[in-house]
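A.B. asks: In the working numbering, the protein residues as written are 721 to 899. Glycine residues also receive a C-beta, built at the ideal position from the N, C-alpha and C atoms.
(1) Would you mind giving the Cβ-Cβ distance between residue 874 and residue 829, rounded to the nearest angstrom? I have them listed as a contact below 8 Å.
(2) Have a look at the DSSP bridge pairing and note the partners of residue 774.
(3) Check the DSSP bridge columns for residue 845 and list the partner residues they point to.
(4) Buried or exposed: where does residue 843 fall if 16 or more other Cβ atoms within 10 Å of its Cβ makes it buried?
(5) Output yes or no for whether 9 Å exceeds the beta carbon distance between residue 736 and residue 762.
(6) Would you mind sorting residue 776 into buried or exposed? The rule is 16 or more other CB atoms within 10 Å of its CB.
(7) Per DSSP, what are the beta-bridge partners of residue 829 in this structure?
(8) Tell me which residue opens and which closes the beta strand (DSSP E) that residue 787 is part of.
(9) Spatial neighbours of residue 831 within its chain, please: C-beta separation below 7 Å, excluding the five flanking residues on both sides.
(10) Quick one: residues in its chain with C-beta nearer than 7 Å to the C-beta of residue 880, no 5 flanking neighbours on either side, listed in chain order?
(11) Enumerate in chain order the residues of its own chain whose CB-to-CB distance from residue 836 is below 8 Å, with the five nearest sequence positions on each side excluded.
(12) Return yes when the Cβ of residue 820 is within less than 9 Å of the Cβ of residue 866, no when it is not.
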């Protein structure tokens with residue numbers, strides 16, 4: 721499912737629809753409004769599937785405090801922060817740990833790199849540090865191991881960011897003869 725989409729929100733919505741079909745045991749799911757709990761549960765399903773595919777214990781997380789929640793089976797981290805600091809900085813109590821090689825990590829970073837400007841409604845592309853901060857906060861916040869390297873690669877491949885970084889070339893012309 722993640723390989724077929726280029727947007728994290730679409731993937732989460734697709735998982736939500738599949739969850740509703742399974743719960744109701746019918747393809748008639750109706751037009752019920754989307755709740756924050758449904759989105760959160762769908763994102764947790766994606767995280768769980770990603771952690772099963774890319775085992776987090778095999779990654780370089782020696783200095784990271786990682787624990788497994790028995791209620792949902794997902795590995796989380798608190799990044800050596802107190803609960804008050806986690807809530808203030810990331811608006812979450814804990815962050816799920818994700819492998820940098822996974823498609824979910826790429827989608828999370830892609831969404832974190834593009835930020836909507838409130839006044840104009842247009843999308844703005846953020847810097848490396850802001851991309852990392854955005855990937856760890858909000859409703860789809862998670863801790864991506866080796867996030868800096870993955871975000872650098874994403875930003876270097878971003879067409880709009882490459883256009884902004886490009887320097888304007890000046891045409892060098894020879895002096896006119898005879899004139």
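C.D. replies: Once the coordinates are examined:
(1) Indeed they touch by this definition, with Cβ atoms about 5 Å apart.
(2) The partner list for residue 774 (beta bridge, DSSP) is empty, contrary to what the question assumes.
(3) 834.
(4) Burial call: exposed.
(5) Yes, they are a contact pair.
(6) Under a 10 Å Cβ-count criterion, residue 776 is classified as buried, with 16 or more other Cβ atoms of the shown protein chains found around its own Cβ.
(7) Looking at the DSSP assignment, residue 829 forms no beta bridge with any residue, so it has no partner.
(8) In this chain, the beta strand (DSSP E) harbouring residue 787 covers 786-788.
(9) Result list for residue 831: 728, 860, in chain order.
(10) Answer for residue 880: 845, listed in chain order.
(11) Excluding positions up to five away in sequence, the list reads 842, 843, 844.
(12) Yes; because the gap between Cβ atoms is below 9 Å, this pair is in contact.
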